[in-house]
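The numbering used here applies: residue 154 is where the sequence shown begins, and numbers increase by one.
Beta carbons: idealized from backbone N, C-alpha and C, even for Gly.
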Amino acid sequence: MEGLAAQRGGRIPVSGRRRARTPGALVSRARPGIGERAQPVTRDVERTLIVFAKVPRPGRVKTRLAAAIGDVEAASLYGIMGRRVLDGVRGGRYRLVVYIDPANELAAARDWLGAADVGFRPQEGDDLGERLADAFRREFQRARQVCAIGTDAPAVDRRVVERAFGELSANDLVLGPALDGGYYLIGATGYWPDLFRDVPWSTEEVMRATLARARALELRTATLEPLPDIDTVEDLERANVPASPQPRTRAGNSYGCQRPGVTGT
Numbered sequence: 154m155e156g157l158a159a160q161r162g163g164r165i166p167v168s169g170r171r172r173a174r175t176p177g178a179l180v181s182r183a184r185p186g187i188g189e190r191a192q193p194v195t196r197d198v199e200r201t202l203i204v205f206a207k208v209p210r211p212g213r214v215k216t217r218l219a220a221a222i223g224d225v226e227a228a229s230l231y232g233i234m235g236r237r238v239l240d241g242v243r244g245g246r247y248r249l250v251v252y253i254d255p256a257n258e259l260a261a262a263r264d265w266l267g268a269a270d271v272g273f274r275p276q277e278g279d280d281l282g283e284r285l286a287d288a289f290r291r292e293f294q295r296a297r298q299v300c301a302i303g304t305d306a307p308a309v310d311r312r313v314v315e316r317a318f319g320e321l322s323a324n325d326l327v328l329g330p331a332l333d334g335g336y337y338l339i340g341a342t343g344y345w346p347d348l349f350r351d352v353p354w355s356t357e358e359v360m361r362a363t364l365a366r367a368r369a370l371e372l373r374t375a376t377l378e379p380l381p382d383i384d385t386v387e388d389l390e391r392a393n394v395p396a397s398p399q400p401r402t403r404a405g406n407s408y409g410c411q412r413p414g415v416t417g418t
């Protein structure tokens, strides 16, 4: 996920006028696009956590970090962080779904993450905003509350996610600010695709732009504690993560970049 300007945890006030909630079925409160119509949907899951992940192939993940430690080491580290984050958020009071990039490598992702208790879906869209919007749209067909995280903020665990869902009991939107200007978590009680449109991804303006969009949509917004994500060697040092990790193994293979069919050298 993209990093965000550090914010103090708490609520961010918006317009005092609150949008009426529709009991039972959810009705999208975003302005419909051309040819779109807000539709009520039924749900059979109260909460869903989306995890966005990339299959850890050298040269395709953590490119800024790879410039300092090499493609293979960066991919190995990313693979380890992915397992760590997924293990850390398991067991919560929510359904867990991993959205994978590239979309045609779901089998490799299952092998990497070894997650029999987790659903896997492809990321779809031309940029991060489109992919996030598509994932939220899909999950709101079933859930009342949806949160999304990435796999590059190793401090995110079940406690952080449970707190985010707790904030949604009194708010429309929750954001977890990262120290680099992006966010490590976004959660909502409804499908608002405008939150993801025309955002300057991969810049320090992501959080600010998202908050501005939330105000325009009159969403009551809460923030969590700022946490680091890992994009550079300096981030590794701040998070006390070794730059040359020794990957754990499962069935004789690393879940970093050495597993056949997941990464190559």
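According to DSSP, which residues form a beta bridge with L249? Along the sequence shown, read from residue 1 onward, the residue named residue 249 stands at position 96. Partner(s): L202.
Counted within 10 angstroms of its Cβ, other Cβ atoms place E387 as buried (16 or more) or exposed: Taking the sequence shown and counting its residues from 1, one reaches residue 387 at position 234. It counts as exposed.
What number of angstroms, rounded off, separates the C-alpha of A220 from the C-alpha of G244? The sequence position of residue 220 within the sequence shown is 67, counting from 1. The sequence position of residue 244 within the sequence shown is 91, counting from 1. Cα to Cα, the separation comes out at about 36 Å.
Between V242 and E390, what straight-line distance do the alpha-carbon atoms span, to the nearest angstrom? Indexing the sequence shown from 1 puts residue 242 at position 89. Indexing the sequence shown from 1 puts residue 390 at position 237. Those two C-alpha atoms are separated by around 23 Å.
Determine the DSSP secondary structure at I302, reduced to helix, strand or coil. Mapped onto the sequence shown, residue 302 falls at position 149. Strand at I302.
Go through its chain and collect everything with a Cβ distance to R184's Cβ below 8 Å, but skip five positions before and after it. Position 31 of the sequence shown, counting from 1, holds the residue named residue 184. Low per-residue confidence applies at R184: pLDDT is 40, beneath 50, and the placement is therefore not dependable, though the value from the model is reported in the following sentence. Cβ neighbours of R184 within its own chain (closer than 8 Å, five residues either side excluded): D347.
Straight-line CA distance for T376 to Q294? Position 223 of the sequence shown, counted from the start, is the residue given in the question as residue 376. Position 141 of the sequence shown, counted from the start, is the residue given in the question as residue 294. Roughly 25 Å separates the two Cα atoms.
Please give the ranges of any beta strand (DSSP E) in the segment 289-364, keeping only runs that are unbroken, at least 3 residues long and fully inside the region. Listed in chain order, the beta strand (DSSP E) elements of length 3 or more contained wholly in the segment 289-364 are 296-302, 326-330, 334-341.
If you reduce the DSSP assignment to three classes, tell me which class G272 lands in. Along the sequence shown, read from residue 1 onward, the residue named residue 272 stands at position 119. Reduced to three states, the DSSP call for G272 is strand.
If we count the other Cβ atoms within 10 Å of its Cβ and call it buried at 16 or more, is E189 buried or exposed? Residue mapping note: residue 189 aligns to position 36 of the sequence shown, counting from 1. Since pLDDT at E189 reaches only 39, below the 50 mark, its modelled position is unreliable, and no value is offered.
Three-state secondary structure (DSSP) at A286? Residue 286 sits at position 133 when you count from the first residue of the sequence shown. When secondary structure is reduced to three states using DSSP, A286 falls in the helix class.
Enclosing alpha helix (DSSP H) for T216 [first to last residue]: The residue labelled residue 216 in the question sits at position 63 within the sequence shown. In this chain, the alpha helix (DSSP H) harbouring T216 covers 216-222.
Alpha-carbon spacing of E358 relative to G282, whole angstroms: Here residue 358 corresponds to residue number 205 of the sequence shown, with the count starting at 1. Here residue 282 corresponds to residue number 129 of the sequence shown, with the count starting at 1. Distance from the CA of E358 to the CA of G282, rounded to the nearest whole angstrom, comes to 14 Å.
Cβ shell of V352 (< 7 Å), same chain only, five flanking positions each side left out: Reading the sequence shown from its first residue, position 199 is the one you call residue 352. So the qualifying residues of the chain are G282, V359, A362, T363.
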